[in-house]
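1 is the number of the first residue of the sequence shown in the working numbering; add one for each residue after it. We treat Cβ as the ideally placed atom computed from N, Cα and C, and that holds for glycine. The next block holds one structure in the form of structure tokens; read it before the comments.
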Amino acid sequence: MLKPSITDLRSLVERRWHGTVARVGAALLPGIPTGDAGLDAALGDHGIPRGKLTELFGAPSSGKTTLAFAMLAACTRAGDIAAFVDLPHAFFAPAAAAAGIDLLRLLVVQPPNAASARQAVDALVRGGACALVALDCAERRDVLRAHHCTRLAAQAEKTGTAFVVVSEGDSAAVASFASVRLRAEGLAPSWQTGSAGSGRLAGCTVSVAVAKSRTAAPGKRVRVAAFVPDVAGTFFAEPAELPPAPFHLDETDGRHDRSFVTA
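The following block contains the structure:
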């Protein structure tokens, strides 16, 4: 009886469990920059690894979504296509554009529920057209369980897609399957001095800790600059429909007075 080759065993496992067997010693794909040179250096100058799962986690308003936007901006600036699966339905296009994201190279999916979010992520990662697929599932720890992570991690490795999960860090499955975990620890304002001497908000910085990394030593902390865009008034809004101004007939000369009547 002939002994099966490594290739035969790999094919058997992939057909039986619909996954991808990791190849030890395989060349590391060039990563996607995080948008900050200091954070890239903390990750061993690899950035966000392609073909792997990366988790961005932190408490509400800790800066994790800001960090995700910086990565999406770096990806689209490089000419690649990215996708953002927005389960909380909190995506705001003017703010994303001001953060540097090329909206023409970004696919935004706003699924109605967790099951639809998983289906969207699975299709995007499996398709391989997007260099980076980000899933925002903060406050929803039940979105990705172990078997979901197994499939998505395998598909990401097969297509070379960087899969990023934005969460509150409360999913043991996501933490286990992640090759990189970045903890957002809070935002700090950055002020500039105006011409009149008064301070004006110029932006903010996000404190980021490398909680886990398979390409660099964990434990490093960096501050990532994140500018606060002035997006007020930059999008078109239909003028409000006002009621017609009241008028009355002046009996003395027959003229119409269209002035507003005040009490």
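- Three or more pairs of CB atoms, one per stretch, sit closer than 8 Å, so the stretch 169 to 181 contacts the stretch 145 to 160.
- Cβ-Cβ distances below 6 Å link residue 214 to 179 in the same chain, with the five nearest sequence neighbours on each side left out; the list follows chain order.
- Below 8 Å, too few C-beta pairs join the stretch 55 to 64 and the stretch 83 to 98 to call them touching: fewer than three.
- Excluding sequence positions up to five before and after residue 134, its CB lies within less than 6 Å of the CB of 68, 84 and 164, all in the same chain and listed in chain order.
- Annotation for residue 82: the continuous beta strand (DSSP E) segment containing it runs 82 to 86.
- The Cβ atoms of residue 139 and residue 57 lie no closer than 9 Å to each other.
- Around the C-beta of residue 92, fewer than 16 other C-beta atoms lie within 10 Å, and the residue is accordingly described as exposed.
- In the same chain as residue 80, and ignoring 5 residues on each side of it, the C-beta atoms closer than 6 Å to its own belong to 131, in chain order.
- In the DSSP secondary-structure assignment, residue 204 is bridged to 189 and 226.
- Along the stretch 85 to 130, the alpha helix (DSSP H) occurs as fully enclosed runs of 4 or more residues at 93 to 98 and 114 to 127, listed in sequence order.
- Check the Cα spacing between residue 102 and each of 42, 208, 116 and 77: the tightest is with 77.
- Taking C-alpha positions only, residue 154 is separated from residue 204 by approximately 36 Å.
- Here the C-alpha atom of residue 124 lies approximately 11 Å from the C-alpha atom of residue 162.
- Proximity to residue 31 across 96, 160, 181 and 115 peaks at 160, based on C-alpha coordinates.
- When DSSP states are grouped into helix, strand and coil, residue 136 belongs to the strand group.
- Residue environment for residue 51: buried (at least 16 other C-beta atoms within 10 angstroms of its C-beta).
- One alpha carbon belongs to residue 127, the other to residue 208, and they sit about 31 Å apart.
- By the neighbour-count criterion, in which 16 or more other beta carbons inside 10 Å mark a residue as buried, residue 45 falls on the exposed side.
- Per DSSP, the beta-bridge partners of residue 209 are 183 and 221.
- Rounded to the nearest whole angstrom, the C-alpha separation of residue 35 and residue 74 is 5 Å.
- Residue pairing by DSSP places residue 167 opposite 57 in a beta bridge.
- In the three-state DSSP reduction, residue 162 falls in the strand class (E or B).
- Closest by C-alpha distance to residue 137, out of 152, 156, 117 and 122, is 117.
- For residue 218 against residue 211, the beta-carbon gap comes to about 6 Å, under 8 Å, which counts as contact.
- Counting along the chain, no alpha helix (DSSP H) covers residue 145, and no H or E run does either.
- For residue 77, the enclosing alpha helix (DSSP H) begins and ends at 64 to 77.
- Excluding the 5 residues flanking it on each side, residue 39 has same chain C-beta neighbours closer than 7 Å at 208, 222 and 224, in chain order.
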